[in-house]
Amino acid sequence: MSFHAVRSLIQERAPKLILILCHQNADPDALCAAYVFSSLLRRIIPNTRIEVASPEGISKLSEALSDLLPIRVLTELPEVPADVIVMLDTNTVKQLGPWERFVKRSTAPLIVIDHHASHPETERMASIIICDENASSTCEIIHRFFDELGIRPSREEAQALFLGIAFDTKHFVLANSETFKAAAALVEAGVDAQKILSRLSLPTSLPERIARLKACRRMQLMRIDDWLIAFSKVSSFQASAARALVGMGAHLAMVGGQKGDSLQISIRSDPEFHRETGFHLGRDLAKPLGEFFHGMGGGHSTAAGVNGTGDYESAVKRAIRIIREKLGKKGPPSD
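Letter 178 of the sequence shown, counting from 1, is numbered 179 in our numbering, and no numbers are missing.
Right, here's the structure in full:
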């Protein structure tokens, strides 16, 4: 699928309202992709109303970058029903939280654009799916649309695309050759790379520091051959805590948080673990965990997340079983 299919569908429907949805707590890749995609659509259908919305708002980092993104993000659904719905950087309606029901009930055609593997339920619902796991970010996919149309992004659009790509690749640590080509083209379009990269970090708050330290104190460590696997539990900042454990030496870290029966898990690994084992966190661990706990899971090769219903201890046991099976190990884990 390409942008030409998207354009054909939209022109055929002649929509009065296009609703672009980002996942909960929308990160810079999601928000920047939404800004540029909405801008691109306005070039094609200038008289159509286009709204961008994110349930429960955007992330703190996205808020800090608001001066670079002249975009209004709704936290409530428009009163007028959408004629076309677009899900960006969102491969399943479960990532929309309270809006899941709205999308499922809507009769409007659904377009999904993402760099994660498409979800079976999403495939059944969507009219068009553009998903590329080889793309570094959703912004990289949006950049390709400009190439397809033979047009050049404006300086503001290029800046937003560069920002989203840089964020999702961890300052290009996870970039591939196509990513660098896109980044070079965006710099040629007027992006000040040094300025943008300097904006992609926030001072670590005291609660986040405490969560990281608690995760270290509560850590359970196991060893499989030469791989160190860490598990821990904190009530918030699970992703940050998982990154901290990997930064301290774990090859793979899984940090869970629980509120009642609701389970939230963040998983991180270092590039060496993925490169040497072929273990893909999103596909091999997060997805089966999400299915087992009646929720959803997915992500990238070295960063993934799970939401579901259950308890943390059961999640750890299940994760250990999955990891050992994938690595071809049997019997009790070594300490």
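All residues carry an ideal CB built from backbone N, CA and C; glycine is no exception.
- Short of 6 Å from the beta carbon of A320, and not among the five residues preceding or following it, lie these beta carbons of its own chain, in chain order: M255.
- With a cutoff of 8 Å on beta-carbon distance, T139 and I114 are scored as near each other.
- By the beta-carbon neighbour count (other beta carbons within 10 angstroms, threshold 16), G306 is buried.
- Counting the other Cβ atoms within 10 Å of the Cβ of T76 gives fewer than 16, which makes it exposed.
- DSSP places C132 inside the beta strand (DSSP E), whose first and last residues are I129 to C132.
- Taking 8 Å as the cut-off, the Cβ atoms of G283 and H295 do not count as close.
- A65 is positioned such that its CB atom lies closer than 8 Å to that of L203.
- Per DSSP, F103 is one residue of the alpha helix (DSSP H) stretching across E101 to R106.
- In the three-state scheme derived from DSSP, where H, G and I count as helix and E and B as strand, L229 is classed as strand.
- The three-state secondary structure of I323, taken from DSSP, is helix.
- Here V74 is actually not in contact with L18; their C-beta atoms are around 16 Å apart, not less than 8 Å.
- Taking C-alpha positions only, Q259 is separated from N177 by approximately 36 Å.
- By a beta-carbon distance limit of 8 Å, V104 contacts I86. Their separation comes to about 6 Å.
- Close CB contacts of F146 within its chain, under the 7 Å cut and outside five residues either way in sequence, are with F4 and L41 (chain order).
- Exclusion of the five residues before and after F238 leaves E209 and A212 as the residues of its chain whose Cβ lies within less than 6 Å of its Cβ.
- Of the candidates M297, D227, L97 and A245, the residue whose Cα lies closest to the Cα of R218 is A245.
- In the three-state reduction of the DSSP assignment, M249 falls in the helix class.
- If the five residues before and after A242 are omitted, its C-beta is found closer than 7 Å to the C-beta atoms of A212, R213, A216, S233, V235 and V256, all from its own chain and listed in chain order.
- Setting aside the 5 residues that flank it on each side, E134 is surrounded in the same chain by H116, H117 and A118, each with a C-beta closer than 8 Å to its C-beta; the list follows chain order.
- Under the criterion of beta carbons closer than 8 Å, S63 and A27 qualify as touching, at roughly 6 Å.
- A direct Cα-to-Cα measurement between A287 and L97 gives close to 18 Å.
- Between K171 and the set H120, A251, G250 and R269, the nearest pair of CA atoms involves R269.
- Secondary structure of R269 (DSSP, three-state): strand.
- For the 8 Å CB-CB criterion, G191 and P29 do not form a contact.
- Comparing alpha carbon positions, the residue from N308, T278, F293 and E314 closest to R325 is T278.
- Under the 10 Å beta carbon count, V174 is surrounded by fewer than 16 other beta carbons and is classified as exposed.
- Out of H281, G309 and V247, the CA that lies nearest to the CA of L290 is found in G309.
- Your pair T123 and T93 checks out as a contact, with CB atoms roughly 5 Å apart and the cut at 8 Å.
- Note on A185: under 16 other CB atoms within 10 angstroms of its CB, so exposed under the neighbour-count rule.
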